[in-house]
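Working notes, structure below.
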Amino acid sequence: MVRSNSHSSSSPQYYVPRPKGPRPALIAGATRHNVFYFEDGSLSVFQVEDRLYRVHRYFLQKSSPMFRAMFAYQPGTVRGVAEGAEDSKPIFLDGTSCIEFESLLSFFYDDNMHHDFAMTPEQWLALLSIAERFGFENAKKRAIAELFSLRPRLEPAERIAIAERLELPRERYLLPAVRELVMRSRPMQAREVSKMSAETVAGISYAREEFLLAAVRATTPGSPTPDSSHPRRALPTQVLKKIATGTVCSIFADPGPKFSFPILRDPIPSANVDH
1 MVRSNSHSSS SPQYYVPRPK GPRPALIAGA TRHNVFYFED GSLSVFQVED RLYRVHRYFL
61 QKSSPMFRAM FAYQPGTVRG VAEGAEDSKP IFLDGTSCIE FESLLSFFYD DNMHHDFAMT
121 PEQWLALLSI AERFGFENAK KRAIAELFSL RPRLEPAERI AIAERLELPR ERYLLPAVRE
181 LVMRSRPMQA REVSKMSAET VAGISYAREE FLLAAVRATT PGSPTPDSSH PRRALPTQVL
241 KKIATGTVCS IFADPGPKFS FPILRDPIPS ANVDH
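Those letters in the sequence shown? Residues 1 to 275, by UniProt numbering.
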């Protein structure tokens with residue numbers, strides 16, 4: 001309730017009205033609300049690289065089992081100062097970068113306050129990294145969803161690396177990125193190869209060869225010596241996508257006798273097939 005002061009231009013005064021009945025007695029057996037009773041409303045100082053951050057513990061310990069375990073113990077003290085209580089005694093987060101910690105804090109603070117919350121691809125990658133390391137499952141899921149729905153898309157090798165590291169479902173996350181590399185005329189670069197497993201790189205190389213052979217055959221059907229030197233230009237995009245999808249699925253999802261590639265990781269065995 002607001003009580004306005006007609007004799008002053010000062011801001012309105014807020015007050016809590018007195019209860020009409022007698023004041024309720026303090027109940028000795030009152031229980032804490034399981035959601036809206038916060039154990040920790042304090043702030044802690046963290047040092048990441050050469051920067052200090054003073055933030056609420058609540059988000060960290062609520063969402064991460066590792067931070068929960070960290071705060072479950074009484075912090076150490078130096079000359080009576082608790083760890084994380086002052087700038088002179090911060091909690092060190094070794095192995096964490098500033099962009100990782102800032103992306104995590106932005107996710108907790110800004111995402112809860114702004115409906116149009118957005119971050120750069122680099123920030124989403126940083127959030128995924130720290131979320132994976134400290135067990136922030138909700139942040140991890142959000143980062144994955146954002147990274148795989150970016151427009152323009154995250155480069156294929158980066159998406160493949162994420163899908164492999166986190167063992168994400170192949171059909172949804174791995175195969176579309178592999179197909180992009182298979183259809184691309186430009187060969188894979190060293191920086192791309194370094195992000196993927198050797199098995200995946202070998203499989204993509206094999207799929208690129210099979211894709212080109214199939215595309216060439218499609219440009220000159222029935223010819224024993226196909227002569228199309230640019231099958232990617234000679235065929236419609238939708239036809240190329242169909243050929244690439246079939247090739248990639250044969251190698252990565254369900255290897256058959258024609259495209260069997262034994263060094264690929266976790267091949268799905270085919271029944272009654274002569275190799």
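Even glycine gets a Cβ: it sits at the ideal position worked out from N, Cα and C.
Q: With DSSP as the reference, label residue 117 as helix, strand or coil.
A: coil
Q) Whose C-beta lies closer than 6 Å to the C-beta of residue 247 among residues of the same chain, with five residues either side of it excluded? A) 207, 210, 211
Q.
Given this structure, state the Cα-to-Cα distance separating residue 236 from residue 139, to the nearest angstrom.
A. 40 Å
Q. Which stretch, first to last residue, makes up the alpha helix (DSSP H) that contains residue 175?
A. 175 to 183
Q.
Relative to the C-alpha of residue 163, which candidate in 177, 150, 152, 153 has its C-alpha closest?
A. 177
Q: From the DSSP output, in three-state form, read off residue 206 for me.
A: helix
Q | Beta-carbon gap between residue 218 and residue 251 smaller than 8 Å | A | no
Q.
Between residue 179 and the ligand ZN, is there a pair consisting of the residue's CB and a ligand heavy atom that are separated by less than 7 Å?
A. This structure does not include the ligand ZN; it has no bound ligands of any sort.
Q. Which residues share a DSSP beta bridge with residue 189?
A. DSSP output for residue 189 lists no bridge partner at all.
Q | Between the CA atoms of residue 155 and residue 119 - distance to the nearest angstrom | A | 17 Å
**Q.** Bridge partners - residue 97, DSSP secondary structure assignment
**A.** The partner list for residue 97 (beta bridge, DSSP) is empty, contrary to what the question assumes.
Q) Hey, residue 59 and residue 93: beta-carbon distance below 8 Å or not? A) no
Q: Provide the residue span of the beta strand (DSSP E) that contains residue 54, from first to last.
A: 51 to 56
Q: Taking only the alpha-carbon atoms, compute the straight-line gap between residue 42 and residue 98 and give it to the nearest angstrom.
A: 22 Å
Q: Find the nearest neighbour of residue 131 within the set 65, 151, 249, judged by alpha-carbon distance.
A: 65
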